[in-house]
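Participant:
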Amino acid sequence: MVSSSVLGFPRIGADREVKKAVEAYWAGKISADQLTEAAAGVKKTNWTSLKAKGVDYIPSGEFSLYDHVLDHSAAFNVIPKRYIGQGLSPLDVYFAMARGRQADGVDVPASEMKKWFDSNYHFVVPEFSEETDFKLLFNKPLEEYKEAQALGIETRPVVLGPVSFLHLGKASKDAKPGFQPISLLPKLLPVYKALLTDLKSAGVEWVQVDEPVLVLDQAANYEKEFTSAYGDLSPVAPKILLTTYFGRLDTNLSYVVKLPVAGLHVDLDRAPGQLDEVVAAVKPTSIILSLGLVSGRNVWKTDFQAALKVGQKAVDALGADRVVIATSSSLLHTPVTLQSEKKLTAEQKDWFSFALEKSAEVSVIAKALSGSQDADVAQAIEANRASIAKRRDFESSSDDAIRKRVAAITPDMYERKSPFAVRQETQKKHISLPKFPTTTIGSFPQTKEIRSHRAKFTKGEITQEQYEDFIKKEIESAVRFQERIGLDLLVHGEPERNDMVQYFGEQLNGFVFTQNGWVQSYGSRYVRPPIIVSDVSRSGPMTVKWSAYAQSVTKLPMKGMLTGPVTILNWSFPRADVPRELQTRQLALALRDEVVDLEKAGIHAVQVDEPALREGLPLRRADWDSYLTWAVESFKLSTAGVSDALQTHSHFCYSDFNDIFPSIQRLDADVISIEASKSDMKLLEAFKQYGYSNSIGPGVYDVHSPRVPGDQEIRDRLKAMAGVLPDSLLFVNPDCGLKTRGWKETEASLANLVSAARWARENY
Ligand code: GLN
Ligand code: ZN
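Each step along the sequence shown adds one to the number in the working numbering, with nothing skipped, and position 126 is 121.
(1) Between TYR696, PHE499, LEU428, GLY100, which has its C-alpha nearest ARG736's C-alpha?
(2) Check this for me: beta carbons of ARG398 and ASP572, under 8 Å apart or not?
(3) Given a cut-off of 8 Å on the beta-carbon distance, is the pair HIS644 and LYS734 in contact?
(4) Between LEU364 and ALA315, which are expected to be in contact by the criterion C-beta below 8 Å, what is the C-beta distance as a whole number of angstroms?
(5) What is the residue span of the beta strand (DSSP E) that GLN97 lies within?
(6) May I have the straight-line CA-CA distance separating PHE129 from TYR187, to the nearest angstrom?
(7) Can ASN134 and ASP193 be called in contact, C-beta distance under 8 Å?
(8) In whole angstroms, what separates the C-alpha of GLN578 from that of LEU584?
(9) At the level of alpha carbons, what is the spacing between GLU670 and THR634?
(10) Between the beta-carbon of LEU191 and the beta-carbon of ASN247, is there less than 8 Å?
(11) Should ALA232 and VAL202 be called a contact, given that it needs their Cβ atoms to be closer than 8 Å?
(12) Is HIS425 near ligand 2, with its Cβ less than 7 Å from a heavy atom?
(13) Assuming LEU183 is part of the beta strand (DSSP E), what are its boundary residues?
(14) Could you tell me which of ALA545, LYS353, PRO701 sits nearest to PRO440, measuring between CA atoms?
(15) Going by DSSP in three states, TRP513 sits in which element: helix, strand or coil?
(16) Is it the case that the CB of PRO693 approaches a heavy atom of ligand 2 more closely than 7 Å?
(17) Any heavy atom of ligand 1 within a distance shorter than 7 Å of the CB on ASP604?
(18) I need the DSSP call for VAL727, collapsed to helix, strand or coil.
(19) Look up GLY147 in the DSSP assignment and say whether it is helix, strand or coil.
(20) Sorted by chain position, which residues of the same chain lie with C-beta nearer than 6 Å to ARG710's C-beta, five sequence neighbours on each side aside?
(21) Which residues share a DSSP beta bridge with PRO560?
(22) Mind checking whether the beta-carbon of HIS646 lies closer than 7 Å to any heavy atom of ligand 2?
(23) Report yes if the C-beta of ILE563 is less than 7 Å from at least one heavy atom of ligand 2; otherwise report no.
(24) How big is the Cα-Cα spacing for GLN510 and GLY291?
(25) Between ILE480 and the rest of its own chain, which residues show a CB-CB distance below 8 Å, the 5 nearest in sequence each way excluded?
(26) How big is the Cα-Cα spacing for ALA396 and VAL528?
(27) Quick one: is the Cβ of TYR110 within less than 7 Å of any heavy atom of ligand 1?
(28) Skipping 5 residues on each side, what residues in its chain have a beta carbon closer than 6 Å to that of ALA70?
(29) Taking the alpha-carbon positions, what's the TYR498 to GLY732 distance?
(30) In terms of alpha-carbon separation, which member of ASP262, LYS739, GLY164 lies closest to ASP245?
(31) Leaving out five residues on either side along the sequence, give the residues of the same chain with a beta carbon under 8 Å from the beta carbon of LYS109.
(32) Suppose the cutoff is 6 Å on Cβ atoms and the five residues either side in sequence are ignored; what does the same chain contact list for SER438 look like?
(33) Within the stretch 661 to 725, note down every full alpha helix (DSSP H) run reaching 4 residues or more, in order along the chain.
(34) So within the stretch 597 to 627, which uninterrupted alpha helix (DSSP H) runs reach at least 4 residues, ignoring any that extend past its ends?
(35) At 4 residues or longer, and completely inside the stretch 417 to 490: list those alpha helix (DSSP H) runs for me, N to C.
(36) Give the single residue among HIS63, LYS46, TRP21 whose Cα lies nearest to the Cα of ARG6.
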């Protein structure tokens, strides 16, 4: 019999119960016991719904109050010294590691967070050193296994594998130079052994051990580690399902099939091309193959016919008992259920499948492959065939005008009329900016008042006119503020934006929005990505009204503000029927029209933000070039339709440029602003060494903290900056938008920024 499995389920609750409970606990409104109870409720709902959907292998142990990697660190005693001995309960140590703690005389910063592979989920980075003293403080997978068992539900506990755990971590501050976390493997394995032995004694049949690191290039160097780890663990563990996801195994496959594991899971959503190779490699072994056919990363219904074909191929080669139909990865990256969506049309709803619906999909596909004669299965297959046909029909009715426009893109459309040096001279005549020009990244504080007006407008409690008058007032006061403080290149302040992607998605054709499609980004922060469902186009100007109004109330130059095509794509659920590249080019053309319209409206500069350009980099190096080619071209397409006089800006929230300098240069933005307030001058040295030729605004202070940078501190920074890069190329700005800040610190910080820039003008 072919069986079905889900690798992990969203742990936020259908109604965001976990966010509410966790935040209530932080605010001191509920006790630790009440928090545990709320969590137990969500776990119970998850397990019982998966069981009701007919899933054979139901996950346990992957639930989390904040982050599953952090859970693992806490259980294995990988707790940095700064959190110990502060008199905190284990639960509060856990949350202190996650988000820092500043209360009752305790003052510790949060741990670093990093993106979980190429998803928009962030994990808390474990810190290791030679001193790390691994201990099994508690066995979370076992506890959750028992918790489910008490409800009469048999589960498959999930454990993050030892190689991935070490690989994802970093050397702590007290580690010796050159220390590599992976060197701790021999010390770590006994703790895994203890954990797995306990699972086995409790009667666990299968354990899911996640080793996503196996889809990375670096795993080619880990053959020895994998061989010794699994050689050690297999004899004491329940049957191990070694789980890989988010990409292909590639050459790592040759050693993976030699590991003494009972099962292997591969992602056939992200890497369908590896099927034949994987089937051939496991065939001579006794390994059970888990086929990740139902996407854990998108929101689209699975095409059962296509999945059945793939499944049948595996069944023919291996026999039904050696095949499992699974989600490609944990469903953590998808919203909980479509049932909560009341505003999508029936047609739209029929296209999608969220976590709960995907769980039913694995079960139906597995049953069909097992030859089930069940009427429900036949019905589900027929219903799926009808839905997929309708969706295909919708897809084929593409917007011809846009498709033609994309096909007609010519190479000259990517290029500005003249090279940067010429543009710089032209721009000097059009925008009178002093040396060390000061500007901001776009947003000003999103006050309670702004949010409440937006909420009232959405609910229909105030009219469009009332709302727009309010926004205009906000814009005017932001302009007056900037004039008063003495900034040189102004912005309108973005009071009209709910979110930098949603705002554009709502105005573009081709997007739909959910009411409750929340996905965990980190901890209690969830996002609701828009969904691209068809060809994207602009039905009219999206921001011109606001930027033009801002320009009309001041003589100083105004900078328009847009979110870039790559960032809009990366922070949405893309459609699955056409390449991401095409979707991005469509977005780029829409933005290109907007940039041209902004210039026509008398705006002097336009910033096209691309904070997500880097995070879209494919996991494998071999795939970088093709991504960077279309990503860079899309940005250029959106910004190159204007005259030399228009100054284009772009903003990146990060400073990690080392391996992508050529692409940043190729963007050919007149000015880029980057995060540099935390890093030392090495970053600018790197720009210099690379020979970066356009203007740069390295953030002179960190906006992510309410701390006000002193005037002298900013001067020192400018001094250092001017020591590295030609001052004719430097802009002076904070390192990101100010929307999450209060006005008080914004005013104080920007006043210091302006006075430091004035000082620099006199001294350089
Ligand atoms: N223009 C945006 C802002 O200032 C940029 C946000 C971002 O970089 N994430 O808010
Ligand atoms: Zn930013």
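Glycine included, each C-beta is placed from N, C-alpha and C at the ideal position.
Facilitator: The relevant details are as follows:
(1) Here residue 736 refers to the residue found at position 741 of the sequence shown. A check of alpha carbon separations from ARG736 across TYR696, PHE499, LEU428, GLY100 identifies TYR696 as the nearest.
(2) Along the sequence shown, one-based indexing puts residue 398 at 403. Along the sequence shown, one-based indexing puts residue 572 at 577. The Cβ atoms of ARG398 and ASP572 do not sit closer than 8 Å to each other.
(3) Your numbering for residue 644 matches position 649 in the sequence shown. Your numbering for residue 734 matches position 739 in the sequence shown. No, these two residues do not count as a Cβ contact at 8 Å.
(4) The residue given as residue 364 occupies position 369 in the sequence shown. The residue given as residue 315 occupies position 320 in the sequence shown. With 8 Å as the limit, LEU364 and ALA315 qualify as a contact, their Cβ atoms being about 7 Å apart.
(5) For the purposes of this step, residue 97 is identified with residue 102 of the sequence shown, where counting begins at 1. Per DSSP, the unbroken beta strand (DSSP E) holding GLN97 starts and ends at 96 to 98.
(6) Taking the first residue of the sequence shown as 1, we reach residue 129 at position 134. Taking the first residue of the sequence shown as 1, we reach residue 187 at position 192. Looking at the two C-alpha atoms, the distance is approximately 10 Å.
(7) To locate residue 134, count along the sequence shown from 1; it is residue 139. To locate residue 193, count along the sequence shown from 1; it is residue 198. Yes, the Cβ-Cβ distance between ASN134 and ASP193 is below 8 Å.
(8) Taking the first residue of the sequence shown as position 1, residue 578 is located at position 583. Taking the first residue of the sequence shown as position 1, residue 584 is located at position 589. C-alpha separation (whole angstroms): 10 Å.
(9) In the sequence shown, counting from the first residue as 1, residue 670 sits at position 675. In the sequence shown, counting from the first residue as 1, residue 634 sits at position 639. Spanning the two alpha carbons is a distance of roughly 22 Å.
(10) Mapped onto the sequence shown, residue 191 falls at position 196. Mapped onto the sequence shown, residue 247 falls at position 252. No, the Cβ-Cβ distance between LEU191 and ASN247 is not below 8 Å.
(11) In the sequence shown, residue 232 corresponds to position 237, counting from 1. In the sequence shown, residue 202 corresponds to position 207, counting from 1. Closer than 8 Å, so yes.
(12) Indexing the sequence shown from 1 puts residue 425 at position 430. No, Cβ of HIS425 sits at least 7 Å from all heavy atoms of ligand 2.
(13) As a first step, residue 183 is located in the sequence shown; it is residue number 188 there, counting from the start. Segment 180 to 196 is the alpha helix (DSSP H) holding LEU183; no beta strand (DSSP E) there.
(14) Working through the sequence shown from its first residue, we reach residue 440 at position 445. For the residues ALA545, LYS353, PRO701, the minimum Cα distance to PRO440 belongs to PRO701.
(15) Residue numbering aside, residue 513 sits at position 518 when the sequence shown is read from its first letter. In this structure, TRP513 counts as coil in the three-state DSSP scheme.
(16) Along the sequence shown, one-based indexing puts residue 693 at 698. Remark: the C-beta of PRO693 is outside contact range of ligand 2, defined as less than 7 Å to any heavy atom.
(17) Reading the sequence shown from its first residue, position 609 is the one you call residue 604. Indeed, a heavy atom of ligand 1 lies less than 7 Å from the Cβ.
(18) On the sequence shown, residue 727 is found 732 positions in, with the first residue counted as 1. Here VAL727 sits in strand by DSSP.
(19) Locating residue 147 in the sequence shown gives position 152, where the first residue counts as 1. In this structure, GLY147 counts as coil in the three-state DSSP scheme.
(20) The residue you call residue 710 lines up with position 715 of the sequence shown. ALA751, TRP754, listed in sequence order.
(21) Taking the first residue of the sequence shown as position 1, residue 560 is located at position 565. None, per the DSSP bridge assignment.
(22) As a first step, residue 646 must be located in the sequence shown, where it is residue number 651. For ligand 2, at least one heavy atom lies less than 7 Å from the Cβ of HIS646.
(23) As a working note, residue 563 is residue 568 in the sequence shown. Incorrect: ILE563 has no Cβ contact closer than 7 Å to ligand 2.
(24) Position 515 of the sequence shown, counted from the start, is the residue given in the question as residue 510. Position 296 of the sequence shown, counted from the start, is the residue given in the question as residue 291. Using only the alpha carbons, I get a separation of about 20 Å.
(25) Along the sequence shown, one-based indexing puts residue 480 at 485. Same-chain partners within the cutoff: GLU742, LEU745, ALA746, VAL749.
(26) Position 401 of the sequence shown, counted from the first residue, corresponds to residue 396. Position 533 of the sequence shown, counted from the first residue, corresponds to residue 528. Distance between the alpha carbons of ALA396 and VAL528: 17 Å.
(27) Numbered from 1 along the sequence shown, position 115 holds the residue referred to as residue 110. Note on identity: in this sequence residue 110 is Lys, with Tyr being the wrong assignment. No, the beta carbon of LYS110 sits no closer than 7 Å to any heavy atom of ligand 1.
(28) For the purposes of this step, residue 70 is identified with residue 75 of the sequence shown, where counting begins at 1. Hits under 6 Å: LEU132, PHE133, LYS135.
(29) Here residue 498 refers to the residue found at position 503 of the sequence shown. Here residue 732 refers to the residue found at position 737 of the sequence shown. Whole-angstrom Cα-Cα distance: 16 Å.
(30) Numbered from its first residue, the sequence shown carries residue 245 at position 250. For ASP245, the nearest C-alpha among the options comes from ASP262.
(31) On the sequence shown, residue 109 is found 114 positions in, with the first residue counted as 1. Result list for LYS109: HIS117, PHE118, VAL120, LEU163, in chain order.
(32) Your numbering for residue 438 matches position 443 in the sequence shown. The answer, listed in chain order, is GLU489, GLY732, LEU733, LYS734.
(33) 677 to 685, 706 to 719
(34) You should have found no qualifying run.
(35) 443 to 453, 459 to 480
(36) For the purposes of this step, residue 6 is taken as the residue at position 11 of the sequence shown. Considering only alpha carbons, the answer is HIS63.
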